[in-house]
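Residue numbers 415 to 664, in my numbering, belong to the letters of the sequence shown in order. No residue lacks a Cβ here, since even glycine has one placed at the ideal position from N, Cα and C. Have a look at the structure below, then the notes.
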Amino acid sequence: MEIYWLFVFFLFGITFGSFYNVVGLRVPKNIPFVNDHSHCPNCNHRLRWHELVPVASFIWQKGTCRNCDARISPLYPSMELLTGLLFAYSYFIFGFQLELITAILFISLLVIISVADIAYMLIPNKFLLFFLPLLIIMRIISPLNPWYDMIIGAFLGLGLIALIIIVSKGGMGAGDMKLFFVLGIVLGWKQVLLTFFLASLIGTIFGIFLKSLRKLKRRQPIPFGPSIAIAAVISHFHGETLLELYLSLF
Ligand SMILES: [Zn+2]
Numbered sequence: 415m416e417i418y419w420l421f422v423f424f425l426f427g428i429t430f431g432s433f434y435n436v437v438g439l440r441v442p443k444n445i446p447f448v449n450d451h452s453h454c455p456n457c458n459h460r461l462r463w464h465e466l467v468p469v470a471s472f473i474w475q476k477g478t479c480r481n482c483d484a485r486i487s488p489l490y491p492s493m494e495l496l497t498g499l500l501f502a503y504s505y506f507i508f509g510f511q512l513e514l515i516t517a518i519l520f521i522s523l524l525v526i527i528s529v530a531d532i533a534y535m536l537i538p539n540k541f542l543l544f545f546l547p548l549l550i551i552m553r554i555i556s557p558l559n560p561w562y563d564m565i566i567g568a569f570l571g572l573g574l575i576a577l578i579i580i581v582s583k584g585g586m587g588a589g590d591m592k593l594f595f596v597l598g599i600v601l602g603w604k605q606v607l608l609t610f611f612l613a614s615l616i617g618t619i620f621g622i623f624l625k626s627l628r629k630l631k632r633r634q635p636i637p638f639g640p641s642i643a644i645a646a647v648i649s650h651f652h653g654e655t656l657l658e659l660y661l662s663l664f
């Protein structure tokens, strides 16, 4: 049965991931997404259902539009696949517990924010404001231990990034600061610190990697949101183990 549910959550994930791509790309530009059909951004060809199957369409169309042969960004299938894997992994880790709902909401927020940050270099308030009350409710019915860790975590996350904004004069933005407030609610104070540490590490590796590919111009900023998102998901799933491992080194 476990395999069956893993597969169900994976399918859920790639379907929602497909929707999150649309949300992350359209909402920051105020493009309606509910009643609007999907079009090829190059030739405006209206996409049919078989061109909208998550991941699979991209593969059998070899990453191009069927009408005009324009390349489709690999961002779409990557995000769909990632959301599918993360939903399945959430079920694998938490099973049918309340924390599974928290994980699904948390991953949804982080995927949408990553899409928006990669596309536009911004973390829109709308997304944070939509998920904030949902995540607070989840932290009330499925609390951290102790319960007020959500409050300490939120303000520690906010304060830490505020400090970095002041010290680095623009190394991070207000969007990152608000995001860390939300992360703190879900993760608590220890794991929000772990997230910050891991995000810096991932961001640095990512930066070196992109520079080595010579894809970046000098001083071109790199969106930090995806690194934060990866770090936050790792902290939510395995933060306790990682912190124990770290403390056992001393
Ligand atoms: Zn096209």
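Exposure label - residue i; buried when at least 16 CB within 10 Å
i    : result
Q605 : buried
F421 : exposed
E654 : exposed
P637 : buried
G585 : exposed
T618 : exposed
N458 : exposed
P446 : exposed
I527 : buried
I551 : exposed
S649 : buried
W474 : exposed
E416 : exposed
F510 : exposed
Y660 : exposed
N539 : exposed
E444 : Glu is not the amino acid found at residue 444; the sequence shown has Asn there. Exposed.
W463 : exposed
M612 : Looking at the sequence itself, residue 612 is Leu, so the reference to Met does not match. Buried, because 16 or more other Cβ atoms sit within 10 Å of the Cβ of L612.
L593 : buried
F664 : exposed
Where residue i falls: helix, strand or coil (DSSP)
i    : result
H451 : coil
R480 : coil
V467 : coil
L499 : helix
L663 : coil
W603 : helix
W419 : helix
Y490 : helix
N539 : helix
P547 : helix
F651 : helix
G585 : coil
I555 : helix
I636 : coil
L622 : According to the sequence shown, residue 622 is Ile rather than Leu. In this structure, I622 counts as helix in the three-state DSSP scheme.
P442 : helix
Y562 : coil
L656 : helix
L615 : helix
L597 : helix
L574 : helix
L425 : helix
Anticipated Cβ contact below 8 Å, residue i with residue j, distance rounded
i    : j    : result
M555 : L512 : It should be noted that the sequence gives Ile, not Met, for residue 555. Between L512 and I555 the Cβ distance is about 6 Å, and since that is below 8 Å, they are a contact.
L496 : V467 : Contact doesn't hold; Cβ gap of about 17 Å is too wide.
L656 : L608 : 6 Å
F541 : I518 : So it is not a contact: roughly 15 Å between Cβ atoms.
F424 : G498 : 4 Å
F520 : L549 : 7 Å
L514 : S504 : 6 Å
P640 : D531 : 6 Å
Which residues DSSP lists as bridging residue i, in chain order
i    : result
T609 : The partner list for T609 (beta bridge, DSSP) is empty, contrary to what the question assumes.
R485 : T478
R460 : H453
Any chain C beta carbon closer than 8 Å to residue i
i    : result
E494 : Protein chain content of the structure displayed is limited to a single chain, and chain C is not contained in it.
Review point. In chain order, which alpha helix (DSSP H) runs of at least 4 residues are fully inside the segment 506-537?
Key: Secondary structure in the segment 506-537: the alpha helix (DSSP H) runs of 4 residues or longer, each lying completely within the stretch, are 512-534 in chain order.
Point to revise | Distance cut 5 Å, beta-carbon to ligand 3 heavy atom: residue list by chain order | key: Only ligand 1 can be found as ligands here, which leaves ligand 3 out of the picture.
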